[in-house]
Amino acid sequence: MPKWCAGTVVEKQIWTEGLFTIRIAVPGVTEFTPGQFLQLAVYPEGHEGDEAKLINRPYSVASPHGEELEFFIVLVEDGELTPKLWALKEGGSIQVAQRAAGSFTLKKTPDAETLWLVATGTGLAPYIAMLRTEEPWESYNNVVVIHGVRHFADLAYTDELKAYEKKYPNRFRLVQALTREEADGTLNGRIPGLFENGEIEKVTGFSCQADNSSVLLCGNPAMLDTMEEVLGMRDMKRHRSKSPGQIVLERYW
Ligand SMILES: Cc1cc2nc3c(=O)[nH]c(=O)nc-3n(C[C@H](O)[C@H](O)[C@H](O)COP(=O)(O)OP(=O)(O)OC[C@H]3O[C@@H](n4cnc5c(N)ncnc54)[C@H](O)[C@@H]3O)c2cc1C
Ligand SMILES: NC(=O)c1ccc[n+]([C@@H]2O[C@H](COP(=O)([O-])OP(=O)(O)OC[C@H]3O[C@@H](n4cnc5c(N)ncnc54)[C@H](OP(=O)(O)O)[C@@H]3O)[C@@H](O)[C@H]2O)c1
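Following this line, the structure appears as structure tokens:
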């Protein structure tokens with residue numbers, strides 16, 4: 155069991171019903187690297203203070219290290235923990251593991267001309283943390299965020315991401331793709347198909363090949379698997395310390 159730090163929800167932002175960001179004041183979390191995850195936990199009713207009974211799950215931190223940490227979460231209706239997280243209000247108590255874990259970081263990603271940050275749903279969280287630091291801008295010429303969601307209302311963090319387009323007009327691109335409706339300014343379809351038919355490279359103006367790109371994949375495991383196949387057709391493969399490649403991934407379930 156991890157060592158727990160007591161946190162307090164200081165802000166809850168609801169993007170759309172069941173999709174939310176919580177900001178937690180939690181001093182004492184050991185310094186971590188953007189892209190890593192922390193366990194969040196709550197006590198079941200009637201067992202407050204009994205650490206053995208805590209219900210915990212891993213969550214990518216959506217902000218860099220600090221005394222307040224942000225998490226981007228979706229309610230899984232029949233899930234064990236997320237209904238309890240969704241029910242939290244500002245001022246509510248939550249336990250946060252003291253130490254983060256995971257190697258889904260830019261330190262573990264090879265340098266390249268273009269960094270592709272590909273997410274479905276809440277898989278966007280680790281990229282928000284990375285983009286709030288200087289690291290992506292120092293290590294890559296170009297940065298592309300590709301966010302695939304079901305509906306327009308699920309497109310969280312749009313204002314923040316669009317601000318990078320303004321700040322880095324030639325170096326940053328945001329591609330938002332919807333699968334269950336159409337909307338101006340977004341692509342229509344699942345991410346792997348949009349890579350396969352060349353639409354994503356066309357709208358970004360950047361090429362995604364083994365000799366010029368690193369690709370991070372995060373979120374729905376089925377998207378990760380299909381993207382690995384699609385990128386495999388371009389001779390891109392999983393990056394491992396003993397066998398360098400271009401793809402680094404974080405599987406959410
Ligand atoms: C390294 C890591 C980082 C993660 N980071 C995040 C994050 O930043 N935000 C987040 O919302 N979740 C994240 N998850 C998923 C999270 O840990 C939980 O699995 C999720 O919140 C469901 O918990 P639950 O107890 O409500 O559901 P459970 O009772 O544990 O049911 C799990 C089932 O819910 C579904 N599911 C789980 N996560 C998701 C999801 N994000 N989107 C859609 N369906 C899902 C799957 O079908 C899964 O089998 C992460 C998982 C891992 C392994
Ligand atoms: N607004 C919300 O996001 C919201 C709110 C409340 C509750 N929930 C619940 O949260 C859970 C997760 O929903 P979610 O929408 O965040 O996550 P999701 O089901 O993983 O969907 C996110 C995106 O990934 C796409 N996707 C699914 N399988 C794929 C594959 N094999 N390859 C490529 N792309 C793929 C989806 O396309 P498709 O549409 O084609 O599947 C969708 O565009 C569900 O139980 C949902 O009911 C969601």
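Quick note: to get the numbering used here, add 154 to the position in the sequence shown (first position is 1). Note that the Cβ used here is the ideal one computed from N, Cα and C, for glycine as well. In this text the structure is predicted, and so the values were computed from the model without any measurement.
Assign residue i to buried or exposed, taking buried as 16 or more other Cβ atoms, counted over all protein chains shown, within 10 Å of its Cβ.
i	result
Asp338	exposed
Thr184	exposed
Ser395	exposed
Ser367	buried
Ala160	exposed
Glu404	buried
Gln249	buried
Met387	exposed
Glu319	exposed
Asp365	exposed
Using DSSP with H/G/I as helix, E/B as strand and the rest coil, what is residue i?
i	result
Phe186	coil
Thr175	strand
Pro212	strand
Lys166	strand
Val180	coil
Phe226	strand
Leu278	helix
Leu370	strand
Spell out the partners DSSP gives residue i in its beta bridges.
i	result
Cys159	Val250
Tyr294	Ala266
Gln400	Note: Gln400 sits in no beta bridge, so no partner.
Leu242	DSSP lists no partner for Leu242.
Arg286	Answer by DSSP bridge pairing: none, since Arg286 is not bridged.
Ser395	DSSP, once it has assigned bridges, lists no residue as partnering Ser395.
Gln330	His301
Comparing C-alpha positions only, which one of the options sits nearest to residue i?
i	options	result
Thr268	Met377, Lys166, Glu355	Glu355
Arg327	Val297, Val303, Leu348, Asn351	Val297
Gly233	Arg286, Ala364, Asn210	Asn210
Pro393	Leu371, Met377, Trp407	Residue 393 is actually His in this sequence, not Pro. Ranking Leu371, Met377, Trp407 by Cα distance to His393 puts Leu371 first.
Ala206	Ser247, Glu319, Trp158, Gln252	Trp158
Leu173	Pro280, Thr380, Arg344, Thr276	Thr276
Gly373	Pro156, Val272, Met155, Gln330	Val272
Thr287	Val163, Trp169, Gly189	Gly189
Rounded C-beta distance between residue i and residue j? I'm assuming under 8 Å.
i	j	result
Glu221	Glu165	Not a contact, Cβ separation roughly 14 Å.
Pro346	Val384	5 Å
Phe226	Ile282	7 Å
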